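>
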Amino acid sequence: MERFDFLIVGQGLAGSLLAYRLLKANKSVLIIDDQQKGAASAVAAGIINPITGRRFAKSWRIDEFLPYAKSFYQQLELELGETFFYERSVLRFLAGNKDINDWYARSAWDGFGEYMQEYQIPENFSQFYHLPFDIGAIKPAAQVDLPLLINLLKVYFTKNALMLSERFDYEKLSIQEEGISYHTFNARQIVFCEGYQGRFNPWFSMVPFEPAKGEVLILKIPGLNQKDFIKNKLMIAPLGDDHYWLGSNYEWNAPNDLPTESFKRDFIQKIKRTIKIPFEVIEHKAAIRPTIKDRRPVLGTHPVHPRLSIFNGLGTKGASLAPFWSNEMLQYLLHQQAIHPEADLQRFC
Ligand SMILES: Cc1cc2nc3c(=O)[nH]c(=O)nc-3n(C[C@H](O)[C@H](O)[C@H](O)COP(=O)(O)OP(=O)(O)OC[C@H]3O[C@@H](n4cnc5c(N)ncnc54)[C@H](O)[C@@H]3O)c2cc1C
121 MERFDFLIVG
131 QGLAGSLLAY
141 RLLKANKSVL
151 IIDDQQKGAA
161 SAVAAGIINP
171 ITGRRFAKSW
181 RIDEFLPYAK
191 SFYQQLELEL
201 GETFFYERSV
211 LRFLAGNKDI
221 NDWYARSAWD
231 GFGEYMQEYQ
241 IPENFSQFYH
251 LPFDIGAIKP
261 AAQVDLPLLI
271 NLLKVYFTKN
281 ALMLSERFDY
291 EKLSIQEEGI
301 SYHTFNARQI
311 VFCEGYQGRF
321 NPWFSMVPFE
331 PAKGEVLILK
341 IPGLNQKDFI
351 KNKLMIAPLG
361 DDHYWLGSNY
371 EWNAPNDLPT
381 ESFKRDFIQK
391 IKRTIKIPFE
401 VIEHKAAIRP
411 TIKDRRPVLG
421 THPVHPRLSI
431 FNGLGTKGAS
441 LAPFWSNEML
451 QYLLHQQAIH
461 PEADLQRFC
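Numbering (this note's numbering), first residue to last: 121 to 469.
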């Protein structure tokens, strides 16, 4: 039997950041991931947007999470020797008087004005976009190239941990007082970071997942040269080299994680109502967000089996939540630091 401190199931954003932190803390780690095409981290744009929705709501604890995420990702860039974190503004298209009034009213609220700023629309903008009445700029905002980050960490794990590319089989897990065993491996603790597939985990069925499928198109738009995000009924995020991520929709409790022709057809119509210049569809992808009923992360340990833990529920905001909550999970696992009640598994037990 090979012995590890931790077995992590899932190498999406949650499992990757937690495994990375554990390795840095000199713990031995075995990671099992079956590399599903529809994993959320492989499809997400990685946008960190402090002000969201039709009502210009402020993201939960964003004043803490955004600076925390920025310094975490920038440090990780230095350690991994690649760039995957970009500061960009969200150019929020304001479609009519109501939008404009709401924008200015909300920006006068305490704590909002620092993110909601006026935007001088460049003269050449109307060559590229069907212009709205006005545009507001949300900044600071940011983008994390999640697929690149996950791949970089995969390379790092291949050198520093044991990685198995296979599906974890719940039936093969044996739980003892002092740890768990799985095939020929022993570990002191197992942590499930399975994204939306956590809803099928027999030990954590008390977690009320409300998975939200999202589809995206990757477009090539030569000549657009857009460095910020564009947000109207859709979100456009630059990927470099004339490529752009365009998304997304929310389909609750979808039957599968596959792209659909109806989304593509409708979305292309929306794009044509936003962008004036020609584009080419390069790719069409779909995945499922690991959203929990109360829209908060879930961290903790099984009430009866203390060797079984969970780190999940990053929902629609993994890029901003994962740096902070992976550290909370680390402190909990290594130093028994209490988990914040809003994110504690105990709220469902
Ligand atoms: C269309 C879309 C757009 C999004 N846009 C943004 C955005 O702009 N900004 C943002 O912050 N967030 C965004 N998100 C949300 C973000 O993707 C998630 O919050 C985050 O990636 C979740 O990471 P995770 O590790 O929990 O889950 P996942 O990325 O789904 O990873 C789970 C991993 O576990 C593996 N796994 C599961 N079960 C097993 C098993 N039994 N055996 C082995 N392996 C297993 C899977 O293969 C997968 O690799 C978006 C999501 C979607 C779908």
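We treat Cβ as the ideally placed atom computed from N, Cα and C, and that holds for glycine. Predicted model only: the values in this text are computed from it and were never measured.
With 16 other CB atoms within 10 Å as the buried threshold, where does Arg123 fall?
Taking the first residue of the sequence shown as 1, we reach residue 123 at position 3. Exposed is the call here.
> Along the chain, where does the beta strand (DSSP E) containing Phe124 start, and where does it finish?
Residue 124 sits at position 4 when you count from the first residue of the sequence shown. Run containing Phe124: Glu122 to Val129, per the beta strand (DSSP E) assignment.
> Rounded to whole angstroms, what's the CA-CA distance from Leu359 to Ser325? Just pull it up for me.
By one-based count along the sequence shown, residue 359 stands at place 239. By one-based count along the sequence shown, residue 325 stands at place 205. Approximately 37 Å between the Cα atoms of the pair.
> Is it the case that the CB of Arg287 approaches a heavy atom of ligand 1 more closely than 7 Å?
Your numbering for residue 287 matches position 167 in the sequence shown. Result yes, Cβ under 7 Å from ligand 1.
> Does the beta carbon of Ser325 fall short of 7 Å from some heavy atom of ligand 1?
Position 205 of the sequence shown holds residue 325. False, no ligand heavy atom lies under 7 Å from that Cβ.
> Hey, is Arg409 close to ligand 1, as in C-beta under 7 Å from one of its heavy atoms?
Residue mapping note: residue 409 aligns to position 289 of the sequence shown, counting from 1. Result yes, Cβ under 7 Å from ligand 1.
> Hey, could you find the ends of the alpha helix (DSSP H) Thr278 is sitting in?
For the purposes of this step, residue 278 is identified with residue 158 of the sequence shown, where counting begins at 1. First-last of the alpha helix (DSSP H) with Thr278: Leu266 to Asn280.
> Measuring only from the beta carbon, is Lys437 closer than 7 Å to any heavy atom that is part of ligand 1?
Position 317 of the sequence shown, counting from 1, holds the residue named residue 437. Yes, the Cβ of Lys437 comes within 7 Å of a heavy atom of ligand 1.
> So, using beta-carbon positions, are Leu339 and Glu286 closer together than 8 Å?
For the purposes of this step, residue 339 is taken as the residue at position 219 of the sequence shown. For the purposes of this step, residue 286 is taken as the residue at position 166 of the sequence shown. Not in contact: Leu339 and Glu286 (Cβ atoms no closer than 8 Å).
> Taking its Cβ as the centre, do 16 or more other Cβ atoms sit within 10 Å of Pro187, making it buried, or is it exposed?
For the purposes of this step, residue 187 is taken as residue 67 along the sequence shown, with counting starting at 1. Exposed: under 16 other Cβ atoms inside 10 Å.
> Just list the residues that DSSP pairs Arg208 with in beta bridges.
Here residue 208 is taken as the residue at index 88 of the sequence shown, counted from 1. Note: Arg208 sits in a beta bridge opposite Ala261.
> Can you give the Cα-Cα distance for Gly130 and Val149, rounded to whole angstroms?
Working through the sequence shown from its first residue, we reach residue 130 at position 10. Working through the sequence shown from its first residue, we reach residue 149 at position 29. Going from the Cα of Gly130 to the Cα of Val149 covers about 12 Å.
> Okay, do the stretch 309-329 and the stretch 422-434 touch, 3+ Cβ pairs below 8 Å being the bar?
They touch, by the three-pair rule.
> So, are the CB atoms of Leu366 and Leu337 less than 8 Å apart?
In the sequence shown, counting from the first residue as 1, residue 366 sits at position 246. In the sequence shown, counting from the first residue as 1, residue 337 sits at position 217. Taking 8 Å as the Cβ cut-off, Leu366 and Leu337 qualify as a contacting pair.
> For a test of your reading of the model: does the CB of Phe225 fall under 7 Å from any non-hydrogen atom of ligand 1? Yes or no.
Here the question's residue 225 lines up with position 105 in the sequence shown. Checking the sequence shown, residue 225 turns out to be Ala, not Phe. Answer for Ala225: no, Cβ out of range of ligand 1.
> So what does Ser294 bridge to, in DSSP terms?
In the sequence shown, residue 294 corresponds to position 174, counting from 1. The partner list for Ser294 (beta bridge, DSSP) reads Ser301.
> Taking Leu269 as the reference, give the member of Ala442, Gln389, Ile459 and Phe126 with the closest Cα.
Working through the sequence shown from its first residue, we reach residue 269 at position 149. If we check each option's Cα against that of Leu269, Ala442 comes out closest.
> Tell me the rounded alpha-carbon separation between Pro342 and Ser368.
Position 222 of the sequence shown, counted from the first residue, corresponds to residue 342. Position 248 of the sequence shown, counted from the first residue, corresponds to residue 368. If you take the alpha carbons of Pro342 and Ser368, they lie about 21 Å apart.
> Taking C-beta to C-beta, are Ala257 and Leu211 nearer than 8 Å?
As a working mapping, residue 257 is identified with position 137 in the sequence shown. As a working mapping, residue 211 is identified with position 91 in the sequence shown. Yes, these two residues count as a Cβ contact at 8 Å.
> In its own chain, which residues sit with a C-beta less than 7 Å from the C-beta of Ala357, not counting the 5 before and 5 after it?
Against the sequence shown, residue 357 aligns to sequence position 237. Result list for Ala357: Ala165, Ile167, Gln263, Phe349, Tyr364 and Trp365, in chain order.
> Quick one: is the Cβ of Asn373 within less than 7 Å of any heavy atom of ligand 1?
Start at 1 with the first residue of the sequence shown, and residue 373 comes out as number 253. Result no, Cβ not under 7 Å from ligand 1.
> So what does DSSP say about Asp153, is it helix, strand or coil?
Taking the sequence shown and counting its residues from 1, one reaches residue 153 at position 33. Reduced to three states, the DSSP call for Asp153 is coil.
> DSSP on Met449, reduced to helix/strand/coil?
Stepping through the sequence shown from its first residue, residue 449 is reached at position 329. The answer is helix: DSSP assigns Met449 an H, G or I state.
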